[in-house]
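Trainee: Residue numbers (our numbering), protein chains in the order written: chain A, 1 to 326; chain B, 327 to 761; chain C, 762 to 1062.
#1: Using only CA atoms, which one of 583(B), 487(B), 493(B), 467(B) lies nearest to residue 289(A)?
#2: Taking the alpha carbon of residue 478(B) as the reference point, which residue from 692(B), 680(B), 742(B) has its own alpha carbon closest?
#3: Under 9 angstroms, Cβ to Cβ, is there at least one residue of chain A near residue 484(B)?
#4: Could you name the residues of the same chain whose beta carbon sits closer than 7 angstroms to that of residue 248(A), not counting the 5 residues immediately before and after it, in chain order?
#5: I'd like the ranges of any beta strand (DSSP E) spanning at least 3 consecutive residues and lying wholly in the segment 529–588 of chain B.
#6: So with CB distances below 9 angstroms, who are the chain C contacts of residue 171(A)?
#7: At a CB-CB cut-off below 8 angstroms, which residues of chain B make contact with residue 243(A)?
#8: Output the residue ranges of the alpha helix (DSSP H) runs that lie fully inside the segment 897–953 of chain C and measure 4 residues or longer, sorted by chain position.
#9: Got a sec, what are the start and stop residues for the beta strand (DSSP E) residue 793(C) sits in?
#10: Which same chain residues end up closer than 6 angstroms to residue 79(A) when comparing Cβ atoms and leaving out the 5 residues on each side of it in sequence?
#11: How far does the alpha helix (DSSP H) with residue 639(B) in it extend, from its first residue to its last?
#12: Does the CB of residue 260(A) have a neighbour CB from chain C at under 9 angstroms?
#13: At what residues does the alpha helix (DSSP H) containing residue 442(B) begin and finish?
#14: State the beta-bridge partners of residue 1005(C) as determined by DSSP.
#15: Quick one: which chain A residues come within Cβ less than 8 angstroms of residue 835(C)?
#16: Which residues in the same chain as residue 855(C) place their Cβ atom closer than 6 angstroms to its Cβ, once the five residues preceding and following it in sequence are excluded?
#17: Beta carbon of residue 746(B), beta carbon of residue 98(A): below 9 angstroms?
#18: Looking at C-alpha atoms only, which residue of 504(B), 532(B), 505(B) is the closest neighbour of residue 516(B)?
#19: Cβ of residue 715(B) less than 9 angstroms from any chain A Cβ?
#20: Is the segment 466–486 of chain B close to the segment 715–725 of chain B, with three or more CB pairs under 8 angstroms?
#21: Could you name the residues of chain C that residue 200(A) contacts, counting a contact when the two beta carbons are closer than 7 angstroms?
#22: Are the beta-carbon atoms of residue 966(C) and residue 996(C) separated by less than 9 angstroms?
#23: Taking only beta-carbon atoms, is residue 911(C) less than 9 angstroms away from chain A?
#24: According to DSSP, is residue 814(C) part of a helix, a strand, or is it coil?
#25: So, are the CB atoms of residue 233(A) and residue 51(A) less than 9 angstroms apart?
#26: For residue 297(A), count neighbouring Cβ atoms within 10 angstroms of its own Cβ and tell me buried if that reaches 16, exposed if not.
#27: The beta strand (DSSP E) that contains residue 400(B), what's its start and end?
#28: Using a Cβ-Cβ cut-off of 9 angstroms, state whether residue 236(A) counts as contacting chain B.
#29: Alpha carbon to alpha carbon, how far is residue 822(C) from residue 173(A)? Give it in angstroms, no decimals.
#30: If we count the other Cβ atoms within 10 Å of its Cβ and call it buried at 16 or more, is residue 356(B) buried or exposed?
#31: I believe residue 421(B) touches residue 370(B) by the beta-carbon criterion, under 8 angstroms. Please report the beta-carbon distance rounded to the nearest angstrom.
#32: What residues in the segment 715–735 of chain B bring their beta carbon closer than 7 angstroms to a beta carbon of chain A?
#33: Between residue 486(B) and residue 678(B), how many whole angstroms is the CB-CB distance? I'm expecting something under 8 angstroms.
#34: Mind pulling the alpha helix (DSSP H) runs of 4 or more residues that sit fully within the segment 156–224 of chain A?
#35: Whose CA, out of 381(B), 512(B), 499(B), 606(B), lies closest to the CA of residue 553(B)?
#36: Look at the alpha carbon of residue 684(B) and the alpha carbon of residue 417(B), and state the distance between them as a whole number of angstroms.
Following this line, the structure appears as structure tokens:
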């Protein structure tokens, strides 16, 4: 057992772009589900819009990196409108079905050979980094210490990702503690009651959908910033993993989604390192190392079940403030 | 300018790369319609290849499409008339030659036409050379194609219907949107594979036993998980997320045992028999359709005529009233779970023949189509779900005449969304009274 | 029954002279606040509401009574924009309301409560109250991000909310989740929350249902208080004591139609009313008619 490698790889899970991407997407879901009560099962679609919007704007239209981000966010708003205008008037579980289907439609459209010139089909997209890296304020060199040592490009991704996360958390804090947040939480509890008090429930739900969607798309962008866009990532399982991270931290909290994402990825990094090593050192007999790496996904599923049954409010949630009202 | 990667950074990139690879490889997605990494997929483990020649003259630029097991890839022949397409699994594939890319006046003159089935041989490769010569192209009329597609769609739809009625019954009686229904589908196929493929039982024994074991699984899930959770008073959203967790866990348990590849059930490669027009079905296809129809009629009779069937419908209609009228709701729900799981298991076996092959995430590949069928028919109405499944099945097959085949599920999903918008209660559902 | 013990010793003075001409269903009012013409609503084959003409008098307390399934709640839903009628027009304070969404109806000053109380369980009592407030621009997305733009108004709202909570004796519970209140307290909270919107017309759907008899008295007084403050009240109720004691005008519905209306004491003697009640209730325990016992609802398919 190479404990130092295991430890070092696990420690990196703390600050990886994947962690920050998950945290952002989970924040978006917290806005949707935790505060507004919207059952969005298509967060992977919002993330895909972020990633593809960014990469396609740069590769196909020759935009600068920051223009690519703007394009992504506009696309995300349009996606929210397309999803929301028809479904937000319907019962909550319809939104769940529509969002999960819409995210799959998006993924299939990004995957099909029909648009291979733009989307790269199954290969995905890569090589869109020049503009972003040219804007890197960090001189060439290594930064950080121990397991958290990064080169200048990685540093640039991390700093930008962290900055985005801080901004999004602050916005959510302000929103949720404002009268706007009060209306949103009221809608989560009973939208008819809020409607009877003269609030335009549809408009509020739409605003919540758009803001959460933007957070999700920012997550997708941060995920795409360092490496490449791969259609195999934006599957329904990704949505469920983000949900797991959200529920782990606490759906109706602001720091919960961030904490949940960090725990999720640290655990994943730890298990993906420790399980194969347990096999190779003979501590897990009768199974192959491929089987060993499957175990952690079984654990995610089991963990999600236990969490929802025994601690639905998550780690940071208030016991009384269960978010699962019918 | 800054393109060099530092040594220390490698770990970090490896991690991202690893995660991306794992996400890509392991979560093959709900619809694994991925093409290969290369346009001809030379890095994939197995190969389908051939040579297109007309009386010794190599034909360049002829389009070849290989598809099967949810995988599609295409290429064109090179100057020597050669082509090669890598495929991910040791399985059966269909190879088709696009006759519109052949020079004028020549056509595929082989029995069976320009679309042929091949099976990867022991060497990991298979060669398919089309016989080409002067002659009329065997042009299939649009009408014949539509008829053929409708029949394939019927087959697919009946199979979906078996799964959809179960999902709909469970939803109707318990209110649960069960995402783990997909895994009950896979469970049937995996069990049949274990019995027929591993234990080498005759398939006509293996399948009924697999269905029975699936039903037992349904009983186990209800008494071991869902009933205790109902007793705990979990909300419907909570239950739905529990089912998502269960779905993930069970899916990876399947992967743990059967691996990431595809395995075949006995008899999957039965030859196709040309029936009429462009329609050709294997004996398996025909058996599958007949079997689905018989089971569905038996199910309908059960639902309409037996005491339990009537009680099931009463509970779907109004659970409180049903309980007050002396119906043992828990018992009926238990039976519903057994029936739903059995039907899902059978559906899984048929899906394994339709795809063809059993795979750890095969149920998840069609889960949204099953949901679409249930929603289309009207949430909670069993016959609606069946009708919805037939519509979805045919839509998927017929729409692939006009849209690329790797987008054929998109049509069904778009229809799902549109239906929810214009008629949220579904085809057979009732309008709910507000207030 | 316990409700008789809660009957006010000196019933409040009734407002009289509300109608013009002979009393009959659909009679014109001196000063109507709501006017309904030809409103009908069908559910499948069932006609839930079919009202030819109806006027609700301004500044008075009007009771809407009738057996279960008479269409009272459906009429409430139609008037407040929560449901759309198949035919008909209706207006509130001179504004035609057909096609106006529920939230706009509420903004015009026509606020309602629900038969099944809709306290927002996971919000505190005070938050519930503040939600009712009007003109808080912090409820707009862009303003909400800048607390200095709405803090002052928020303090104002909180003061008003506390005053109302005191009046409804809920001030000690202000930081509790609404979920922790009793059924009667939730009814009070819902009514108090409705008052936060400064309504012109308050529509109460079964304010007494499920309320502990100890609270009935204060509820009655609160409703009378609304009239004193110049508001119009329309309520649906099964509790005949409440109807008799506080309603200035009573409208009786049966099978979707208005079968009788008039001052409370006269309506109660009307043979059509007795028939409407006994016709569908002769097999029922009297308790259901007074709203003290809840039986499974009939005729609500």
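Note that CB positions come from ideal geometry on N, CA and C, so glycine has one too.
Mentor: In brief:
#1: 583(B)
#2: Closest option to residue 478(B), Cα to Cα, is 680(B).
#3: no
#4: So the list reads 260, 263, 264, 307, 314, 315, once near-sequence residues are dropped.
#5: none
#6: Those are 906, listed as they occur along chain C.
#7: Within chain B, the residues near residue 243(A) are 567, 570.
#8: You should have 902–905, 912–928.
#9: 793–804
#10: 49
#11: 633–643
#12: no
#13: Residue 442(B) -> not in any alpha helix (DSSP H); beta strand (DSSP E) instead, spanning 441–445.
#14: Residue pairing from DSSP leaves residue 1005(C) without any beta-bridge partner.
#15: The contacting residues do not exist; residue 835(C) stays about 15 angstroms from chain A at best.
#16: none
#17: At the C-beta level, residue 746(B) and residue 98(A) come within 9 angstroms of one another.
#18: For the set 504(B), 532(B), 505(B), the Cα lying nearest the Cα of residue 516(B) is the one of 532(B).
#19: no
#20: yes
#21: Result: 864.
#22: Between residue 966(C) and residue 996(C), the gap from beta carbon to beta carbon is short of 9 angstroms.
#23: yes
#24: strand
#25: yes
#26: Classification of residue 297(A): buried, given that the 10 Å Cβ count is 16 or more.
#27: 397–402
#28: yes
#29: For residue 173(A) and residue 822(C), the distance between alpha carbons rounds to 44 angstroms.
#30: Only weak support exists for where residue 356(B) lies, its pLDDT of 37 falling under 50; the value from the coordinates is given anyway. Label assigned to residue 356(B): buried.
#31: Taking a contact as a CB-CB distance under 8 angstroms, the pair residue 421(B) and residue 370(B) does not count as one, their CB atoms being some 15 angstroms apart.
#32: 730, 732, 733, 735
#33: Rounded, the Cβ-Cβ distance is 14 angstroms, inconsistent with contact.
#34: Here the runs fully enclosed are 179–189, 191–196, 201–224.
#35: Cα-wise, what sits closest to residue 553(B) is 499(B).
#36: 11 angstroms
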